Each structure stands twice: as structure tokens, then as C-alpha cells.
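Using this note's numbering, read the sequence shown as starting at 10 and increasing by one per residue. A virtual CB, placed ideally from N, CA and C, is assigned to each residue, including glycine. All figures in this text were calculated on a predicted structure; none of them were measured in a lab. Below is one structure, written out as C-alpha cells; the observations come after it.
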Amino acid sequence: MSAALHDPALAGPLYQQLADQYRHAIASGSLGPGSRMPSVRVLMARHHVSLSTALQACRSLESEGLLEARPRLGYFVQRGRARSLPPAREPQIGPPDPARYVGIHERISGLLARGLASQVGVNLAGAVAHPSLYPTRALALHGQRVLRQPEQLAVPPPADGFLPLREGLARLALEAQMVLRPDELLVTHGATEALALALRAVTQPGDVVAVESPSYFGVLQILEAQGLRALEIPTSPATGLSVEALALAVAAEPALRAVVVVPNLQNPLGALMPDAAKQALVQLASQHDLALIEDGSYAPLTDAPQRALKSWDREGRVIHCASMHKILAPGLRLGWMSAGRWQDRVRMLKYAQSRPNELLGQAMVAGFLAAGQMPRHLRELRRRLAPQRQQMAEALAAELPEGTRLTLPAGGLALWLELPPGLSSLRLFDAALREGLRLSPGAMFSNDERFDGFLRINCGQPMEPAQRDAVRTLGRLCRQQLDAA
10 MSAALHDPAL AGPLYQQLAD QYRHAIASGS LGPGSRMPSV RVLMARHHVS
60 LSTALQACRS LESEGLLEAR PRLGYFVQRG RARSLPPARE PQIGPPDPAR
110 YVGIHERISG LLARGLASQV GVNLAGAVAH PSLYPTRALA LHGQRVLRQP
160 EQLAVPPPAD GFLPLREGLA RLALEAQMVL RPDELLVTHG ATEALALALR
210 AVTQPGDVVA VESPSYFGVL QILEAQGLRA LEIPTSPATG LSVEALALAV
260 AAEPALRAVV VVPNLQNPLG ALMPDAAKQA LVQLASQHDL ALIEDGSYAP
310 LTDAPQRALK SWDREGRVIH CASMHKILAP GLRLGWMSAG RWQDRVRMLK
360 YAQSRPNELL GQAMVAGFLA AGQMPRHLRE LRRRLAPQRQ QMAEALAAEL
410 PEGTRLTLPA GGLALWLELP PGLSSLRLFD AALREGLRLS PGAMFSNDER
460 FDGFLRINCG QPMEPAQRDA VRTLGRLCRQ QLDAA
């Protein structure tokens, strides 16, 4: 293992590039549990790095729980990581089920209301990080700077959004290889409003929209509110939406107008579409005159940078939607979109629907981006989330019954858990609430409850004793349900 670390195509500081190489070696089994890590001097000679770079890389892997330091002996790969869950099964590819009007709002609202009304000690249901992982103090300082110039608040914000924010977002988009001008961006109230505007811009009531299966329930609620029909497309827990299955759907459904897709860290699966599949999807949309609505909200949380669908868009048919909610500040509900050929229409719809976003939140984030603080924050956020995902996966493997499956994602805030046959996520949801534990049942992520045998598990929280106790409780509830079957 002696890959060059000074390649500008590689992302991040040298110590992170070095840590990434050995992180992959540990994950692949090349460095097994108990194996000795190459010494600091060997790392220096092998990779042509300084002493501080080699030490930082080892300490980074140690902080993630991948290495342990032994006095006078060096670093060793942690033991006790042998048991892991088998990967989730791949979906079957075939002709699609007929498109159907969505009718999930009442069911989803009922589940959410029951969850919020219950006294819970641990919440495994969300897809959000612990508050300590967000740069709240830095954002507050930028807010204070805005308030020291209160005359800014006496002027209505621009309809498209605060220009310095759009300039910062255009720079951020370069990380996903999207080259966008500030005047091609529209600031929204989170990604949800961006997705809703995109769908309104490209469809009429009764049209068919292809969605991933499973799919984030918020997208399904938007389809229901707009009177659209959902066509569920099989989606792999490893490689995302099946372009092959979508091609079959295009041939079978003449009313198909748009595709909603999360190519990078799909919600709830955590899947990453390979670049070849992304290109094939853009080409398929071009051939059949489909709108592609891309949700890139989770993409900055991938362990390695990923290209956006829109980076291949040459016809303006990809509408890219994103948000600061998951990556920077959940409380701000700040999103943005770039709608290509539909930019004028979404601008009109946004102005008619909700007018411009308030200025203070936009200015806070604009200051954070202008100060160059986002790259460092995202590196630290990804570094902190990686061991939490691994630790949660290990805890689930230790406590849940035989037959449980999980595909560990390459980033993000949640794990998609396939339960053994005979278990119902809806029954587990109610049983867990009685134990003070909140879950996200898989039945929420489809129009017809087809994923009742799955759970989405939050791993954005540190693995403290309460989290481990919650996983033990979940394992006990699973075994009780199996025994009663």
C-alpha cells in the first residue's frame, strides 16, 4: 500500500488521505483484527510524509475506534470487530407495479404523532446528528455580526435569496463538480420546499412520478398533496436506483413525467449510485424527455466526494435540490435549488407560495461559507460520524436475532436494517414506545407498507450507555415478537 498522497484529485489534508487508505485496508480485511499497523517511521518512508502527518493519521484512526495504541509497541487494529451482519438483499428487477395515487399522509401523521406524544428516553428514529456535532457557536458569531448592522434587516431580502449566500452555495456546489452561477440558484425553506417546487414546475395533477423504493416518506407526502401518482422503482441498498428497472417503467408508463432520486446517500438506504449509473440515468432522461429531480441533501456526508447528477446535465433537465438541515444547522430550515430550464418557473412558484426566506439565517450561513469554515466542519462531521455508524452496526449485530441484515453505508446519519422474517416494524414501533424507545418503521418508506420488515436506525448520536441499552431493548423486543409468532 504505497499510493501517492500528493495527488490534487484526492480530497482533504495529507493525514486524512493517509488515514483513508488504512481505513479501507481495515474495512476490506487486508489489515485484520489484532494486526499491527505499520510503524510511524514506516508510514513516513512508504508514503513520503512527515512525522506529524503519520502521527495525525494514526490518531485519527484511533479516535474512530479502528486502532488501539499499545505502549512501546505501536498501533494495532482493534479486536472484537469480527461479528457483522450480512448485507441486505438486493431487490428483484422486473416490470413495475402500476402507478398509484399516494395515500400515506394519514398513516405517517399518525405514527409521527404517536411517537412525539410518548415519553422516550432514546430516539433511534431520526436522521440528524447530535447537537454537539453542529457549529452552533460559529454560526451565532456570524449572526451577531449581522445584528451589529441592523440596517440590513430593514431592507426586504432579494427574491432569489441573499446574494452572498448564493455565491457561497455556488462554491460549495463545486465539491460535487457542479458549475453553477449564483443567478442559477434559488434559496428555499429547506429541501422539502425545493422538492415541492420542482414537482409543481414539471408536472400536472394525475401525472406519474418515478420514486425510489424505499423512498423518503416526505417525498411521498408531497406527491399526495399535489395529486400525483407514484411509480416505485426497485432500489439497491448498495448501488441505489436501478436504471434497468426505470427503463422498463418508462416503456410501460406513458404518463411518466419525472424521476425523484437521491443518488448520493439515498434516504433511507444510504446507497451510492456508481458514476456509470448516474450517467446512464441522465442519458435515459434525455432520451425520454423526463425531468430529473435530484436531492443532494446528504451528499456532503459521504466519506469520499461524489459527483452530482447535475454535473452531467447539458440540457437543463436536472433540478438539483439541497439543504443545510442535515449538514450544518437543523434549526434554520435553509435549502436551495438549481432548476435548469425550469428556473424561471420555480422562481415564480416560490414567490407566489412563500416569498423570500428571512434574511438573518441566510446571512449567518453566508458568513460561515465566506469565512471558509464549511470544509473543515464537514471533515470533522464525517470523521465523528464514521465511528458512530460502525459502533451502532456492531451493537445491532451483537443484540439482534439471527437473520438480521444490514449494508453499512459509506457515510450519512442512518442505517437501513432488514429484520428476520416474521417481524413487523409497525408492531415493534408500538412495543418500543412502551419501553421509552422511538423507532422509524420501514413501512413509512413506501406507499403500500411493503417495507414493514425493515427499520431505519439513527446513528447520528454518540454510542453512549443509553444508546447501547436501547439496542439491547430492541433486540429483546425482536425476540419476543418472534417467540409469539
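- Following the DSSP letters along the chain, one finds residue 346 inside the beta strand (DSSP E) bounded by residues 344 to 347.
- Cα atoms of residue 125 and residue 441: separation of roughly 13 Å, rounded to the nearest angstrom.
- The beta-carbon distance between residue 446 and residue 121, rounded to whole angstroms, is 16 Å. This is too long to meet the 8 Å contact definition.
- When 168, 86, 181 and 64 are compared, the shortest CA-CA separation from residue 374 is found for 181.
- Under the DSSP assignment, residue 228 falls outside any beta strand (DSSP E), being part of the alpha helix (DSSP H) whose first and last residues are 226 to 234.
- Restricting attention to 166, 170 and 417, the CA atom closest to the CA of residue 275 is found in 417.
- In the DSSP assignment, residue 311 is bridged to 420.
- Its chain contains 85 as the residues whose beta carbon lies nearer than 8 Å to that of residue 79, once the 5 sequence neighbours on both sides are disregarded; these appear in chain order.
- In the three-state reduction of the DSSP assignment, residue 83 falls in the strand class.
- The beta carbon of residue 458 is closer than 6 Å to those of 452 in its chain, skipping five residues each way along the sequence.
- Around the Cβ of residue 82, a 10 Å sphere holds fewer than 16 other Cβ atoms; the residue is exposed.
- Under the DSSP assignment, residue 377 falls in the alpha helix (DSSP H) whose first and last residues are 368 to 379.
- For residue 110, the three-state secondary structure derived from DSSP is strand.
- Counting every other CB atom within 10 Å of its CB across the protein chains shown gives residue 145 a total below 16, marking it as exposed.
- If you ignore the 5 residues before and after residue 239, its C-beta comes within less than 7 Å of the C-beta of 108, 109, 111, 218, 220, 229, 232 and 456, all in its own chain and listed in chain order.
- Per DSSP, reduced to three states, the secondary structure at residue 194 is coil, with no helix or strand assignment.
- Residues 102, 242 and 243 of the same chain have their beta carbon placed closer than 6 Å to that of residue 254, with the five preceding and five following residues left out of the count.
- Where residue 326 is concerned, there is no enclosing beta strand (DSSP E), because DSSP gives it neither an H nor an E.
- Under a 10 Å Cβ-count criterion, residue 492 is classified as exposed, with fewer than 16 other Cβ atoms of the shown protein chains found around its own Cβ.
- Each residue's CA atom was taken as its position, placing residue 118 and residue 433 some 19 Å apart.
- Within 10 angstroms of the beta-carbon of residue 43 lie fewer than 16 other beta-carbons, which makes it exposed.
- Assignment of residue 408 by DSSP, reduced to helix, strand and coil, places it in the helix class.
- The residue from 211, 407, 128 and 454 with its alpha-carbon nearest to that of residue 266 is 211.
- In this structure, residue 105 lies near residue 261, with their beta-carbon atoms less than 8 Å apart.
- Here residue 285 is exposed. Its C-beta has fewer than 16 other C-beta atoms within 10 Å.
- Cβ-Cβ separation between residue 289 and residue 327: approximately 14 Å, too far for a contact (criterion under 8 Å).
- Selection 366, 98 and 137 evaluated against residue 247 yields 98 as nearest (Cα-Cα).
- The beta-bridge partner set that DSSP reports for residue 45 consists of 85.
- Residue pairing for residue 468: DSSP places it in no beta bridge.
- The three-state secondary structure of residue 341, taken from DSSP, is coil.
- Taking C-beta atoms as the reference points, residue 67 and residue 200 fail to come closer than 8 Å.
- In this structure, 279 is the residue among 41, 116, 279 and 410 with its C-alpha nearest to the C-alpha of residue 223.
- Leaving aside the five residues that flank residue 398 on each side, the residues in its chain whose CB is nearer than 6 Å to its CB run, in chain order, 468.
- Assigned with DSSP and collapsed to three states, residue 444 falls in coil, not helix or strand.
- In summary, residue 57 is exposed, with fewer than 16 beta-carbon neighbours lying within 10 Å of its beta-carbon over all protein chains present.
- For residue 166, DSSP assigns no beta-bridge partner whatsoever.
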